[in-house]
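Residue numbering for the sequence shown follows full-length UniProt numbering, starting at 1 and increasing by one per position.
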Amino acid sequence: QLQRVPLAALEQANRDLGLALAQDEIDYLRERFAELGRDPADVELMMFAQANSEHCRHKIFNASWTIDGKPQERSLFRMIKHTHQQTPQHTLSAYSDNAAVVEGVPAARYRPDPASGEYRAEAVLPSAFAIKVETHNHPTAIAPFPGAATGAGGEIRDEGATGRGGKPKAGLTGFTVSHLRIPTLPQPWEAPRALNPRMAPALDIMLDGPLGGAAFNNEFGRPNLLGYFRSFELAEGEGLTRAYDKPIMLAGGLGAIDRNQVEKLRLQPGDAVIVLGGPAMLIGLGGGAASSVAAGDSAEALDFASVQRENPEMERRCQEVIDRCVALGSDNPIRWFHDVGAGGLSNAIPELLHDSGVGGIIDLGRVLTDDPSLSPLELWCNESQERYVLGVPQARLDEFAAICARERCPFAAVGVATAEERLVVGYGVFGDGIGESGFEIRKSDSSVAGSAVASNQSPIPNPQSPLPIDLPMDVLFGKAPKMHRDAVHPPVPQWPVLQTAVLDLQQAGLRVLAHPTVASKSFLVTIGDRSVGGLTAREQMIGPWQLPLADCAITLAGFDTFAGEAMSIGERTPLALLNAAASARMAVGEAITNLCAAPVQTLDSIKLSANWMAAAGHAGEDALLYDAVRAIGMELCPALELSVPVGKDSLSMQAQWVDAGIGDSAVGIGETPQPSAVANPQSPLSNPIAHKSVSPVSLIISAFAPVGDVRTQLTPLLRSDEESELWLIGLGGGKQRLGGSVLAQVYADAAALPAFGGEVPDLDDAQRLRSFFELIRAARESGLLLAYHDRSDGGAFAALCEMAFASRQGLDITLDAWGDDAFRSLFNEELGAVVQ
Numbered sequence: 001q002l003q004r005v006p007l008a009a010l011e012q013a014n015r016d017l018g019l020a021l022a023q024d025e026i027d028y029l030r031e032r033f034a035e036l037g038r039d040p041a042d043v044e045l046m047m048f049a050q051a052n053s054e055h056c057r058h059k060i061f062n063a064s065w066t067i068d069g070k071p072q073e074r075s076l077f078r079m080i081k082h083t084h085q086q087t088p089q090h091t092l093s094a095y096s097d098n099a100a101v102v103e104g105v106p107a108a109r110y111r112p113d114p115a116s117g118e119y120r121a122e123a124v125l126p127s128a129f130a131i132k133v134e135t136h137n138h139p140t141a142i143a144p145f146p147g148a149a150t151g152a153g154g155e156i157r158d159e160g161a162t163g164r165g166g167k168p169k170a171g172l173t174g175f176t177v178s179h180l181r182i183p184t185l186p187q188p189w190e191a192p193r194a195l196n197p198r199m200a201p202a203l204d205i206m207l208d209g210p211l212g213g214a215a216f217n218n219e220f221g222r223p224n225l226l227g228y229f230r231s232f233e234l235a236e237g238e239g240l241t242r243a244y245d246k247p248i249m250l251a252g253g254l255g256a257i258d259r260n261q262v263e264k265l266r267l268q269p270g271d272a273v274i275v276l277g278g279p280a281m282l283i284g285l286g287g288g289a290a291s292s293v294a295a296g297d298s299a300e301a302l303d304f305a306s307v308q309r310e311n312p313e314m315e316r317r318c319q320e321v322i323d324r325c326v327a328l329g330s331d332n333p334i335r336w337f338h339d340v341g342a343g344g345l346s347n348a349i350p351e352l353l354h355d356s357g358v359g360g361i362i363d364l365g366r367v368l369t370d371d372p373s374l375s376p377l378e379l380w381c382n383e384s385q386e387r388y389v390l391g392v393p394q395a396r397l398d399e400f401a402a403i404c405a406r407e408r409c410p411f412a413a414v415g416v417a418t419a420e421e422r423l424v425v426g427y428g429v430f431g432d433g434i435g436e437s438g439f440e441i442r443k444s445d446s447s448v449a450g451s452a453v454a455s456n457q458s459p460i461p462n463p464q465s466p467l468p469i470d471l472p473m474d475v476l477f478g479k480a481p482k483m484h485r486d487a488v489h490p491p492v493p494q495w496p497v498l499q500t501a502v503l504d505l506q507q508a509g510l511r512v513l514a515h516p517t518v519a520s521k522s523f524l525v526t527i528g529d530r531s532v533g534g535l536t537a538r539e540q541m542i543g544p545w546q547l548p549l550a551d552c553a554i555t556l557a558g559f560d561t562f563a564g565e566a567m568s569i570g571e572r573t574p575l576a577l578l579n580a581a582a583s584a585r586m587a588v589g590e591a592i593t594n595l596c597a598a599p600v601q602t603l604d605s606i607k608l609s610a611n612w613m614a615a616a617g618h619a620g621e622d623a624l625l626y627d628a629v630r631a632i633g634m635e636l637c638p639a640l641e642l643s644v645p646v647g648k649d650s651l652s653m654q655a656q657w658v659d660a661g662i663g664d665s666a667v668g669i670g671e672t673p674q675p676s677a678v679a680n681p682q683s684p685l686s687n688p689i690a691h692k693s694v695s696p697v698s699l700i701i702s703a704f705a706p707v708g709d710v711r712t713q714l715t716p717l718l719r720s721d722e723e724s725e726l727w728l729i730g731l732g733g734g735k736q737r738l739g740g741s742v743l744a745q746v747y748a749d750a751a752a753l754p755a756f757g758g759e760v761p762d763l764d765d766a767q768r769l770r771s772f773f774e775l776i777r778a779a780r781e782s783g784l785l786l787a788y789h790d791r792s793d794g795g796a797f798a799a800l801c802e803m804a805f806a807s808r809q810g811l812d813i814t815l816d817a818w819g820d821d822a823f824r825s826l827f828n829e830e831l832g833a834v835v836q
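Listed below in structure tokens is the structure:
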């Protein structure tokens, strides 16, 4: 039933519904509803909370900043946009759609003729491709399989809902977690500690999460060609651990899009608002707000309620409808559309209307649902997956319905766009006709009447009840309070420096190879189909013995060309504990050195997706985040003519809980302890222990670029058919910095402060990376290179071992010119590559 919330009780509703609203936002709502002369409905509050959550509105990235008492000129988002302003070439759409769109190579699309249904190759035309990388951290922490699956599914929908319709082509996934703590394989760097019982442990995440992501990609029919996996944890003492108890789950990819479909068309008053896809269910409620707060700040029941469930078959049906519409070219009936993600219809439909400068009247009774008991809040705000909202001219509804029937894809025409920028949501506000005759508006005042139009649509509540939603659009999208962040840099960390003189080389090498960050990733690769679609030119497996060592992934632009697209990943998140700006520069650098394995022609054709994670509000982390963004947005990327036209932020990367002292029992900070969680049910917690897990500032860079002849790609597979040499090309300027390295991590001593410190690798000279890119390109074109592998985690030692493993050859390595310290020479993780 619809619930009204007295204005005086907004704070209580904020807690009970898990809205995650700040006090200034509550004050804003109280002021606006006082102007309207009424109390808000629960569904209106939930809609506002989702639409204005940190997850959806990126309030921190749009905030004004003061750092160490000095006002800053630019917001975080403005610094990221600076990269596109400096290098706009080759980008067709940035910051304005569900994904960025960049220029591709000339290619011919192969698809059915709209009239006959016969597959045919179209004319060769300049192509484009959509790029997007998302994170799905909170749901994966709570329920790894569905969390990762819906993360992959949501990103696929973003590609499909780009412009007036895209075609997902290839995907990537990645995971960062805390120590695995495999019961039968204890590792010397894994110290015992209390774990958060409200989150899945790292081992469960890595057993179930990758299966969820792979299952969705497999069942949808998209190859997953790229990924990364990092395990990291470091104790700081006093109940604080720098770790990824709240994991990073990365889901991204690229998709094809026609040049004439890149720009959306605005909805016109009278256009039909359509929900395409599966029925509504009580699945994933409040996900946008839940993912915007630190784990432990909300009730456990709200955490589980916010996790969605996947249905890749339904998403494939939706994609087939999109494909049929796009095949009509300029006659595509879709004007504008969005995928349904965080906040459900309560976020997607208002965005659809607002982006076109119109309002809308929506009939909840027309929303397809499998649960007739859903309240207005549950029906409007649930995050049932595999749905899109789109605008179609009413005169094209019958044609659109025929396409949906052909693909057996459910849809519902739930409303109509209006010239007045006002959102009205009720039951029975239209007549029953939805064909070419259009909608007959039955009532648009403050009461509702009518009957549901189908057995699987929502029942009508009391006809005398007020409309669930009747708001001017500017209440949702108006000038809500702008955030200001006041940050102070933390003290410089004083971690001890690793003393290599006391280490054993063989033991060090085996430990580094055994660390999950360096060890084989076969278990993450073999679970997925990497050839579906027929356009894969490079997946992770290389050589006759099929080891997953490729530096990048490559796809073909079409079935009759050797040109295509390449993508790679770069990340060095542990370094941020010592130098956040260096960590960000190294992420960009690694993405580029990985992408050098593909025949990319120019640096300015490379487009980056930046995924930012941080524990906003934790002491010092805000200032470090600002340092990292400034290093990329204002310095490194402009210097290299790189742009960042797309990205995502997830700024609640911390978990906190109170240990009740009995087994795994625990309660969230601020929660009332339950009797089962305490020693004496009649008394409060005795001697509770507070724990906090905070991730480092984390930047994951995904790089995308068009490529020439994919047959000239390089892999780590060594050739033995002619005499050759292995060269290490280093970009560290002769430095061999070990701070934050995997070598330092595997010698972390649980009984003392870990030897994690010292100088960290960095990209000290951006032009050195440019020269490296040009060198590799020229050497490839001259036929000088036989194999290539970038230097990353584990240093040159890991890179050389991987090349030897892939080729089943031994190597003779001479260190004479590398310096006096073999450990620094072999295990430093400065940027660079080993080439044959």
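Note that CB positions come from ideal geometry on N, CA and C, so glycine has one too.
Predicted, not measured: the structure shown is a model, and the values here were computed from it.
Let me check understanding here. Comparing Cα to Cα, which of the options lies closest to residue i?
i	options	result
A799	G730, T66 and R408	G730
C318	S346, V275 and M281	V275
T712	G564, A655 and E725	G564
A705	N579, S643, D765 and K692	S643
P544	P223, I813 and R808	R808
D821	A417, A806, K735 and G740	K735
F805	P144, P210 and S520	S520
D504	I403, G154 and L826	L826
On the CB-based measure, 16 or more other CB atoms within 10 Å of its CB, does residue i come out buried or exposed?
i	result
H484	exposed
D551	buried
R719	exposed
N62	exposed
K607	buried
A619	exposed
L815	exposed
A778	exposed
Q601	exposed
S695	buried
Check whether the Cβ atoms of residue i and residue j sit closer than 9 Å, and answer yes or no.
i	j	result
P106	A537	no
K169	G533	yes
I569	I700	yes
R585	A631	yes
A623	D68	yes
G359	A419	yes
T517	F232	yes
N594	D762	no
L578	A766	no
L353	V273	yes
Rounding to the nearest angstrom, what Cα-Cα distance links residue i and residue j in this structure?
i	j	result
D445	F430	Residue confidence for D445 is low, a pLDDT of 30 falling below 50, so the modelled location carries little weight and cannot support an answer.
D529	A553	14 Å
L785	Q546	21 Å
I662	V502	With a pLDDT of only 38 at I662, under the threshold of 50, the placement of this residue in the model should not be trusted; the figure read from the coordinates follows. Near 41 Å, if we compare the C-alpha coordinates of V502 and I662.
Y788	F773	13 Å
W336	I349	11 Å
E351	I334	16 Å
A591	S702	7 Å
A616	E722	55 Å
N828	A744	10 Å
D604	L364	48 Å
First and last residue of the beta strand (DSSP E) that includes residue i?
i	result
K607	K607 to M613
V646	S643 to S650
P472	I469 to P472
R768	No beta strand (DSSP E) contains R768, which is instead part of the alpha helix (DSSP H) from A766 to E781.
Span of the alpha helix (DSSP H) holding residue i?
i	result
W380	P376 to C381
A822	A822 to F827
N217	A202 to F220
Y28	Q23 to L36
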